[in-house]
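K.L.:
Take this structure first; my questions come after.
Protein chains: 2
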Amino acid sequence: MTKSSAAAGRSPRLSRERIVAAVVDLLETGGVDAVTTRTVGVALQVHPTALYRHFRDMDDLIREAADHILEGVTDGVPEDNDPLETLSLVCLRLRAALMSHPGAAGGVASGPSRKLHERVLTERMLELLSSAGLGEEDVVLGYHALVEYTVGSAVIDAPGRDTEQDEESRHRAWRADYLTAPPDEFPVTLRLASLLYPSKDDQFRYGLRVLVDGLRDKVAS
Amino acid sequence: MTKSSAAAGRSPRLSRERIVAAVVDLLETGGVDAVTTRTVGVALQVHPTALYRHFRDMDDLIREAADHILEGVTDGVPEDNDPLETLSLVCLRLRAALMSHPGAAGGVASGPSRKLHERVLTERMLELLSSAGLGEEDVVLGYHALVEYTVGSAVIDAPGRDTEQDEESRHRAWRADYLTAPPDEFPVTLRLASLLYPSKDDQFRYGLRVLVDGLRDKVAS
DNA sequence: ACCTGAACACCGTTCAAGT
DNA sequence: ACCTGAACACCGTTCAAGT
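Heads up: the sequence lines are chains A and B, in that order. Letter by letter, the first sequence follows residues 999 to 1219 in my numbering. Letter by letter, the second sequence follows residues 999 to 1219 in my numbering.
Right, here's the structure in full:
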C-alpha cells in the first residue's frame, strides 16, 4: 500500500519531497551556507548522511531545491497586451523568488537543471518572446540574455552571509568611500559618487527595461 | 633598509604581492575551489596559516586577487568614434579577464571592493557613458546594468569544477534533452530546441549589444 | 616580526553495520 | 529498504610557540 509491491518494513521517515521542503526552508530563513548535510539533518531529526539514500550528492539536492523554488513563478502574472511587458513581469517574479531564497540563485546559476519548473518557465518565456513577433534567432538569444541578466544579477544582489548591515547604510558607506578618491584621476567618479548604488531593485529594473525595450525594437526587422 | 626603521630579522619570505600572485596563478590554472589555504601554502612553500599575517581572512585575499585581475582591462582598448562602442569592448575585455580566471568572477560578484583597479575600471566606464551624452541618472544606472550583466553572466558562464565535458557537447546533450519534452505542454521549447544554447560568448555578445544599443537610444531624450 | 605546529570546529562523502 | 555510526579527507581559523 505504500509504494512498493512488497510493503514489508516500517514506512520510511524520509522522502525526496520532505528533504527538498526542508532545504527550501533553510534557503529561505538562513543565508547561503545555511544548508549543509548537518543542518538538514537536525531540521529533519535525522542522521546527516541519511539524505544520500535519496540524492546522489549535495549538488543534486541543491538543484532540486532550486527548481522547486521556480514553481509558480509564471502563475498569476497579469497578461499585458504587449507580451514583452508580461515577460518583464515574469523576470521580476523570477528575481523575487531567487532573492527570497539566498543560495537558490547559485543553484540555478550552476547550469540548467532541465527539471519541471525550469522547463515551464522556459516554455513561457520563449512563448512570450515568440508571440511578440520576434524571429526565432532573436527569441532564443533574447531568452538567454534575459535569463543571464536576471539570474546573474540575483547571484550578485542576493544577501550574503553578512546581514549585519542593511543595504542602504552599506551603499552610503561605499559612496562616501568614493569621495576620497584623488580628483585628478577619478573626476567622473567623484562627480557622480552621490548617485552611485541606488537600490538594487531599481538597478535591476532599469537594466531589465533597457533589455526588453531593446528586444521590442527587433520586432520591426 | 628593508621597510621598517629597525631592520633586524631576516627578510620576510612572504608579502601581500607574492601571495596575490600565487592566488591569481591558482585561479588561472585550476578551477573554482583550487585556491584554499593549503594550496597557496604548497604553492609558496609555506605553512597554510602563514597568510594570516598578511590578510585578515580568505575573503580578504580573494577580493585582492580579484582586483588584481582587473588590472589592465581598460588598457589598449581601441578608441571608437562612438564612446558606447568603446564601452562595449571594455565589457568584453572584462568578461575575458573573468572567464580566464574561474572563481575571480565570484570574487568581484561578492560586492565592490573599491580597490584600485576596480576604481579605474569604474571611472573609465562612467566616463564613456558620460561622454556618450547620457544624463547623469542614465550614466549611473547604465553603468550598474552593464556591470551586473557582465559580471553576473561571467559567474554563470565561468567553467566550474566539471571540466570533463567540453561546452559544445554538453549543450548538445541539453538540446537533445529538450526534445523529449511532451509536445502538448512544451510546443515552443520543442520548436526551438535546436537553436537553444548557442555558444556562451555569442549569448553574451547579443545581450551586450541590446543593452548598449538601448542605452544609445536614451541619448536623444 | 614572521612563520610554524597543534588544535578546533566545521565540511561532504563512503561504507559497514544495525533494524 | 532505510537509516545510523564511525571514519576519512578535507576546509578556514585561532593561538601559543619557536626563531
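Quick reminder that beta carbons are idealized off the backbone N, C-alpha and C, glycines included.
Count the other C-beta atoms from every protein chain shown that fall within 10 angstroms of the C-beta of GLY1070(A), then say buried if there are 16 or more, exposed otherwise.
P.N.:
Classification for GLY1070(A): exposed.
K.L.:
Rounded to the nearest angstrom, what separates LEU1194(B) and GLN1201(A) at their Cα positions?
P.N.:
Those two C-alpha atoms are separated by around 28 angstroms.
K.L.:
Would you call the segment 1092-1111 of chain A in contact with the segment 1057-1076 of chain A, where contact means no fewer than 3 C-beta pairs closer than 8 angstroms?
P.N.:
Yes: at least three Cβ pairs fall under 8 angstroms.
K.L.:
Is the separation between the beta-carbon of VAL1118(B) and that of LEU1068(B) shorter than 9 angstroms?
P.N.:
In contact: VAL1118(B) and LEU1068(B) (Cβ atoms closer than 9 angstroms).
K.L.:
Along chain A, which residues have their Cβ under 9 angstroms away from the Cβ of GLY1029(B)?
P.N.:
Ordered by position in chain A, no residue passes the 9 angstroms Cβ test against GLY1029(B), which lies about 13 angstroms from the chain.
K.L.:
Under 9 angstroms between the Cβ atoms of GLY1028(B) and PRO1081(B)?
P.N.:
Cβ atoms of GLY1028(B) and PRO1081(B): not closer than 9 angstroms.
K.L.:
Using the beta-carbon of each residue, which ones in chain A are nearer than 9 angstroms to TYR1147(B)?
P.N.:
Those within 9 angstroms of TYR1147(B) in chain A are ALA1143, GLU1146, TYR1147, GLY1150, SER1151, GLY1205, LEU1209.
K.L.:
How about the segment 1196-1216 of chain B and the segment 1141-1152 of chain B: do they share at least three Cβ pairs that are nearer than 8 angstroms?
P.N.:
The answer is yes - the segment 1141-1152 of chain B touches the segment 1196-1216 of chain B, with three or more Cβ pairs under 8 angstroms.
K.L.:
Please check if any C-beta of chain A sits within less than 9 angstroms of the C-beta of PRO1081(B).
P.N.:
So, not an interface residue.
K.L.:
If we require 4 or more residues per run, which alpha helix (DSSP H) segments fall completely within the segment 1004-1050 of chain A?
P.N.:
Within the segment 1004-1050 of chain A, the complete alpha helix (DSSP H) runs of at least 4 residues are 1014-1027, 1035-1041.
K.L.:
Can you tell me whether DSSP reads ASP1200(B) as helix, strand or coil?
P.N.:
ASP1200(B) falls in the helix class under three-state DSSP.
K.L.:
Could you check what DSSP says for TYR1195(A) in three-state terms: helix, strand or coil?
P.N.:
Correct three-state label for TYR1195(A): coil.
K.L.:
In angstroms, rounded to a whole number, what distance separates the CA positions of ALA1041(B) and GLY1205(B)?
P.N.:
So the two alpha carbons sit approximately 39 angstroms from each other.
K.L.:
Just curious, the alpha helix (DSSP H) that ALA1095(A) is in, first and last residue?
P.N.:
Counting along the chain, the alpha helix (DSSP H) containing ALA1095(A) begins and ends at 1081-1097.
K.L.:
Taking SER1128(B) as the query, report the chain A residues whose CB atoms sit under 9 angstroms from its CB, ordered along the chain.
P.N.:
Here the neighbours are VAL1186, ARG1189, LEU1190.
K.L.:
Taking all protein chains shown into account, do 16 or more other C-beta atoms lie within 10 angstroms of the C-beta of ILE1017(A), making it buried, or fewer, making it exposed?
P.N.:
Classification for ILE1017(A): buried.
K.L.:
Please report the residue range of the alpha helix (DSSP H) in which PRO1076(B) lies.
P.N.:
Unbroken run through PRO1076(B): none, as it is neither H nor E.
K.L.:
Taking the C-alpha atoms as reference points, what is the distance between LEU1090(B) and PRO1157(A)?
P.N.:
If you take the alpha carbons of LEU1090(B) and PRO1157(A), they lie about 27 angstroms apart.
K.L.:
In chain B, which residues lie less than 7 angstroms from LEU1213(A) when you measure between Cβ atoms?
P.N.:
Within chain B, the residues near LEU1213(A) are VAL1208.
K.L.:
With 9 angstroms set as the bound, which would you pick, yes or no: does the beta-carbon of ILE1067(B) sit closer than that to a beta-carbon of chain A?
P.N.:
Chain A, which has no Cβ nearer than 9 angstroms to the Cβ of ILE1067(B), makes this no.
K.L.:
Is any beta-carbon of chain B found at less than 9 angstroms from that of ASP1200(A)?
P.N.:
So, interface residue.
K.L.:
Report the rounded CA-to-CA distance for ASP1078(A) versus ARG1214(A), giving the unit in angstroms.
P.N.:
ASP1078(A) and ARG1214(A): Cα-Cα distance of roughly 14 angstroms.
K.L.:
Consider the Cβ of ARG1170(B): report whether some Cβ of chain A lies at a distance smaller than 9 angstroms.
P.N.:
False, the Cβ-Cβ gap to chain A never drops below 9 angstroms.
K.L.:
Apply the 10 Å Cβ neighbour rule to LEU1177(A) and answer buried if 16 or more other Cβ atoms are within range, or exposed otherwise.
P.N.:
Exposed is the call here.
K.L.:
Does the count of Cβ pairs from the segment 1183-1199 of chain A and the segment 1125-1139 of chain A closer than 8 angstroms reach three?
P.N.:
They do not touch, by the three-pair rule.
K.L.:
Measure the alpha-carbon distance for VAL1075(B) versus PRO1180(A) and round it to whole angstroms.
P.N.:
About 23 angstroms.
K.L.:
Does chain A have any CB closer than 9 angstroms to the CB of LEU1139(B)?
P.N.:
Yes, because at least one Cβ of chain A sits closer than 9 angstroms to the Cβ of LEU1139(B).
K.L.:
What residues in the segment 1099-1125 of chain B bring their beta carbon closer than 7 angstroms to a beta carbon of chain A?
P.N.:
Cβ contacts with chain A: ALA1107, SER1108, PRO1110, ARG1112, ARG1117, THR1120, GLU1121, LEU1124, GLU1125.
K.L.:
Considering just the uninterrupted stretch of the alpha helix (DSSP H) at SER1167(A), what are its terminal residues?
P.N.:
Where SER1167(A) is concerned, the enclosing alpha helix (DSSP H) stretches over 1165-1176.
K.L.:
Hey, would you say VAL1217(A) sits closer than 9 angstroms to LEU1114(A), going by beta carbons?
P.N.:
Against a cut-off of 9 angstroms, the Cβ pair of LEU1114(A) and VAL1217(A) comes out as no contact.
K.L.:
Starting from the C-beta of LEU1122(A), find all residues in its chain whose C-beta is less than 7 angstroms away, skip the five residues before and the five after it, and write them out in chain order.
P.N.:
With the sequence shown as reference, residue 1122(A) is identified as Arg, and Leu is not the correct amino acid for it. So the list reads THR1072, VAL1088, once near-sequence residues are dropped.
K.L.:
Using C-beta distances below 8 angstroms, list every residue in its chain close to SER1013(A), excluding the 5 sequence neighbours before and after it, in chain order.
P.N.:
Contacts found: HIS1052.
K.L.:
With a threshold of 9 angstroms between beta carbons, is PRO1181(A) in contact with chain B?
P.N.:
Answer no: the Cβ-Cβ gap between PRO1181(A) and chain B never drops below 9 angstroms.
K.L.:
Just the C-alpha distance for SER1003(A) and LYS1198(A), rounded to the nearest angstrom, thanks.
P.N.:
Residue confidence is low: SER1003(A) scores 39 on pLDDT, short of 50, so the model does not pin down where it sits. No coordinate-derived value is stated.
K.L.:
What does the alpha-carbon distance come out to for the pair LEU1059(A) and PRO1196(A)?
P.N.:
If I take the Cα positions, the gap works out to 35 angstroms.
K.L.:
In its own chain, which residues sit with a C-beta less than 7 angstroms from the C-beta of GLY1109(B), not counting the 5 before and 5 after it?
P.N.:
No residues qualify anywhere along the chain.
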